[in-house]
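Chemist:
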Amino acid sequence: TDQAHAKAHFNVGVILYNRKDYAGARTALRKAIELDRFHENAWYKYGQCLRKLGQKDDAKRAFARHKQIQPLAQKIRSAELSLPNNPNDHKTRFALAQALAALGRFDEAVACLRKLEHQRPDYPGLYEKLVDVCYKAGREGLAKRYEKKLPSLKEDKD
Numbered sequence: 030t031d032q033a034h035a036k037a038h039f040n041v042g043v044i045l046y047n048r049k050d051y052a053g054a055r056t057a058l059r060k061a062i063e064l065d066r067f068h069e070n071a072w073y074k075y076g077q078c079l080r081k082l083g084q085k086d087d088a089k090r091a092f093a094r095h096k097q098i099q100p101l102a103q104k105i106r107s108a109e110l111s112l113p114n115n116p117n118d119h120k121t122r123f124a125l126a127q128a129l130a131a132l133g134r135f136d137e138a139v140a141c142l143r144k145l146e147h148q149r150p151d152y153p154g155l156y157e158k159l160v161d162v163c164y165k166a167g168r169e170g171l172a173k174r175y176e177k178k179l180p181s182l183k184e185d186k187d
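For the sequence shown, our numbering begins at 30 and goes up steadily by one.
1) How far does the alpha helix (DSSP H) with F135 in it reach, from first residue to last?
2) By the three-class DSSP mapping on this structure, what secondary structure does K173 have?
3) Could you compute how far the alpha carbon of L171 sits from the alpha carbon of A108?
4) Give me the Cβ distance between L189 and A52, rounded to the nearest whole Å; I'm assuming they're in contact under 8 Å.
5) Hey, how far is the Cα of G167 from the Cα of K49?
6) With distance defined between alpha-carbon atoms, name the residue in K96, D151, E69 nearest to F123.
7) Is it the case that the Cβ atoms of A138 and L145 are separated by a distance below 8 Å?
8) Can you say whether Y46 is buried or exposed, counting buried as having 16 or more other CB atoms within 10 angstroms of its CB?
9) Just curious, the alpha helix (DSSP H) that Y152 is in, first and last residue?
10) Would you call the CB atoms of L64 and H38 closer than 8 Å?
11) Between which residues of its own chain and K165 is the CB-CB distance below 6 Å, once the five residues before and five after are set aside?
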C-alpha cells in the first residue's frame, strides 16, 4: 500500500538524516509525503531537513503542516490504543473513523465504520458517514448500498 511504502521512505529518510545526508533525507521524506500526505512524522523530519539545508521558509511550511496534522494523528493513536481494551466503545470507534477519513485514510475509515455497523447498527450518523467515506474511498457500489439504508432509517423515526 501507499502507506507501507511511505513508511519505508520515511525510515530511509531518518537514516539519511542521522548520517547528516540532508539532501538525500529530503528526497526520501518528500517521497514519503507524496505517498501519504498526512504522515505526521515525515512532515516534521522533512522540516528539519529543510532547515538544515537553509530553506527556512519551506521548513516553516513543513512544520506548520505537521502541527495541522498532529491532533488527528494523536486521536488515531489514542483510539487504536483504547479499542483493544474497550472493543465496544462505539464513540471512540466512530471518532477513529472520522479522524482516519479526515486524514484521507478512507479504506481504513470504511473498515472501522463497518465494524461499528456490526456492533451497533443504530449508531447516530453511522450511515451518513459510511456513504460519505465510501464515495471518497472510490467504493461507489458500497456507498449506494448504504444510501438505500438511509431512507428506511428516516422512516423508522417518523
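Even glycine gets a Cβ: it sits at the ideal position worked out from N, Cα and C.
Modeler: According to the data block:
1) Reading the sequence shown from its first residue, position 106 is the one you call residue 135. Where F135 is concerned, the enclosing alpha helix (DSSP H) stretches over 135-148.
2) For the purposes of this step, residue 173 is taken as the residue at position 144 of the sequence shown. Reduced to three states, the DSSP call for K173 is helix.
3) By 1-based counting over the sequence shown, the position of residue 171 is 142. By 1-based counting over the sequence shown, the position of residue 108 is 79. Approximately 25 Å, taken between the alpha carbons.
4) One cannot answer for residue 189 here, as it falls past the ends of the chain, which runs 30 to 187.
5) Taking the sequence shown and counting its residues from 1, the one referred to as residue 167 is at position 138. Taking the sequence shown and counting its residues from 1, the one referred to as residue 49 is at position 20. Distance from the CA atom of G167 to the CA atom of K49, rounded to whole angstroms, is 41 Å.
6) Your numbering for residue 123 matches position 94 in the sequence shown. Of K96, D151, E69, the smallest CA-CA separation from F123 is found for D151.
7) Reading the sequence shown from its first residue, position 109 is the one you call residue 138. Reading the sequence shown from its first residue, position 116 is the one you call residue 145. Taking 8 Å as the cut-off, the Cβ atoms of A138 and L145 do not count as close.
8) Translated into positions along the sequence shown, residue 46 becomes position 17. Under the 10 Å beta carbon count, Y46 is surrounded by 16 or more other beta carbons and is classified as buried.
9) Looking up residue 152 in the sequence shown gives position 123. For Y152, there is no enclosing alpha helix (DSSP H), as DSSP marks it with neither H nor E.
10) The sequence position of residue 64 within the sequence shown is 35, counting from 1. The sequence position of residue 38 within the sequence shown is 9, counting from 1. Yes, the Cβ-Cβ distance between L64 and H38 is below 8 Å.
11) Position 136 of the sequence shown, counted from the first residue, corresponds to residue 165. Result list for K165: F135, in chain order.
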